[in-house]
Amino acid sequence: MPSVKTMDQAPAPRKRSRGIYLLPNLFTTAALFAGFYAVLSAAQAHFEAASLAILAAMVFDGFDGRIARMTNTQSDFGAEYDSLSDMVAFGVAPALVAYHWALAGLGKLGWLAAFVYTAAAALRLARFNTQIGIADKRYFQGLASPAAAAIIASGVWLGTELKIDGANLSWLVAALTAGAGLLMVSNYRYLSFKQLNLQGRVPFLLAVFIMLGFGVIFINPPLILFAMALVYALSGPVWTRLRLRERRAKRAQRFGGH
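Take 183 as the starting number for the sequence shown in my numbering and just add one per residue.
In structure tokens form, the structure reads like this:
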């Protein structure tokens, strides 16, 4: 006679997988290593290598999440690991690179500007993690930490290419570093570009424009990347204020009509 399950019988506990997905976490590890290498290079006054390492970390960070989604290998471990990697590569490394290149001569004000950036990156990442699944994926609330790191990295790279002593730009770099940090914890909205479908077909002209874009960047990589990072950083405040002005105008027109 077949056995009959009773209400008292509890279902067998599911075994928790002890493994992790290798492919996306390899890219996360690469980003973490690049951030670590940037810190070491800055401490040895190799600022061009430090800047390039941060930019390389941005590339690796852009791939790990997309690869996880494309291969259906997302996991809570991967999300937490990615956050910690971002903190090193885009929170600690850019601040220390800026400090060693230009801010050390300012004394306490120098390390204060670097700390403001690092603390803002930590707060930005914590806020992002609490809004997963809630916030509109088309936008970022506050400047994303990789974009903020791009301002510092490309700026330092441009300075080294122009043979500029960072100490001569200490106040400008302090304002840029602290300003990038404050933009990270702001409420300005930035386009996330997550709606781009890399697996689908695209118009032929778009592929041509992408090729031209790479060509323009290679004309003067540090200058073009620095300009692009600044334009993106300023797009948040400008776009948000334009939206607010448009809403106020519509509200005034609505109440004026009555």
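C-beta atoms are modelled at their ideal positions from N, C-alpha and C, and glycine is treated no differently.
Nearest Cα to L340 within the set S327, P328, A326, V355: V355. Contiguous beta strand (DSSP E) elements confined to the region 202-237 do not occur, taking only those with 3 or more residues. A409 has its alpha-carbon roughly 22 Å from the corresponding atom of V390. Residue pairing from DSSP places F322 in a beta bridge opposite Y372. Nearest to T300 by alpha-carbon distance, out of E230, A216, F437, V367, is V367. For Y281, there is no enclosing alpha helix (DSSP H), as DSSP marks it with neither H nor E. Close CB contacts of I406 within its chain, under the 8 Å cut and outside five residues either way in sequence, are with V398, I399 (chain order). Between A303 and A330, the beta carbon gap of about 7 Å places them in contact (Cβ cut-off 8 Å). Contact between N311 and S265 holds, since their C-beta atoms are separated by about 6 Å, short of 8 Å. Inclusion of V221 and L278 in the CB contact set at 8 Å is warranted, their separation being smaller than that value. In this chain, the alpha helix (DSSP H) harbouring N311 covers 290-312. The distance from the Cβ of D243 to that of A271 is about 7 Å, consistent with a contact at the 8 Å cut-off. R430 and R320 have their C-alpha atoms roughly 23 Å apart. In this structure A411 touches A332 by the C-beta definition: roughly 4 Å separates them, less than 8 Å. For S267, the enclosing alpha helix (DSSP H) stretches over residues 258-268. Cβ-Cβ separation between A235 and W283: approximately 14 Å, too far for a contact (criterion under 8 Å). Linking Q256 to A434 through their CA atoms gives a straight-line distance of about 46 Å. Judged by DSSP secondary structure, V338 falls within the alpha helix (DSSP H) whose first and last residues are 327-343.
Around the beta-carbon of D246, 16 or more other beta-carbon atoms lie within 10 Å, marking it buried. Between L237 and A335, the C-beta gap is smaller than 8 Å, which places the two residues in contact. Taking A232 as the centre and dropping the five residues before and after it, the same chain places the C-beta of A220, S223, A224, V279 closer than 6 Å to its C-beta, in chain order. Membership of G361 in the alpha helix (DSSP H) is indicated by the continuous run 352-366.
Nearest to A227 by C-alpha distance, out of L424, L394, S417, A349, is A349. The C-alpha of V298 lies about 17 Å from the C-alpha of N369.
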